[in-house]
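Residue numbers (the working numbering): 4 to 189.
C-beta: ideal position from N, C-alpha, C; glycine also.
What you are looking at is a predicted structure, and each value in this text was computed from that prediction instead of being measured.
Have a look at the structure below before the remarks.
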Amino acid sequence: MKQASTSRVHLSAEEREHLEQMVKKMACGARKYKRARTLLLLDRSQGEQRSGREVAELVDLRPGTVSQIAQRYVAGGVREAMEERPRPGRRPKITGEVEARLIALACETVEEGSGQKGQARWTLRLLADKLVELGLVDKISHVAVMKRLKKISSNPGRGRSGICHSRTAATRSRAGASLPRPAHRS
């Protein structure tokens, strides 16, 4: 079936002219250039008879890719064959629910039962470990936690993070007047 689709590429004069201009001027990216060249080499309207394998060798593509380009042309024309389809990408580890819990954790104080004696604030590694412990993610690195917190303008190591402003006020009120207010620079 793949071979049959490569034999059905018949470009119109306008399509052929457009593709030849793209190839001649190289006014496109490498992938589009290869697709345009593939369609020109597969074109049966000029009487040329090249197999999909021959075209694949000439354009430096795999025969399956040449067949897919031909099938996309038959299904939707030159525009469909030349454009890339969107790729799904990798699913994010931190979803909205996990992000909400991460923000809540970053705003809390470190628990006594966490096994981290002397920790006044959450570290990135502690946050990552806690997310795994709570079963919100299977595994996650402290770097992924850092990137997400940075994305939402938070810094768990500083007293005034982007998401929990009330923490510094609460700390200051517990310490009383012994804590000086930060000086404002002009």
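The C-alpha of Val140 is placed about 51 Å away from the C-alpha of Lys27. Under the criterion of beta carbons closer than 8 Å, Leu134 and Ile143 qualify as touching, at roughly 6 Å. Comparing C-alpha distances from Lys154 to each of Ile72, Glu51, Ile97 shows the shortest one belongs to Ile97.
According to the DSSP assignment, Ser70 belongs to the alpha helix (DSSP H) that extends over 66-85.
Cα atoms of Arg47 and Pro91: separation of roughly 34 Å, rounded to the nearest angstrom. Per DSSP, Lys153 is one residue of the alpha helix (DSSP H) stretching across 145-154. Per the C-alpha coordinates, the member of Gln49, Gly32, Ala33 positioned closest to Glu18 is Gln49.
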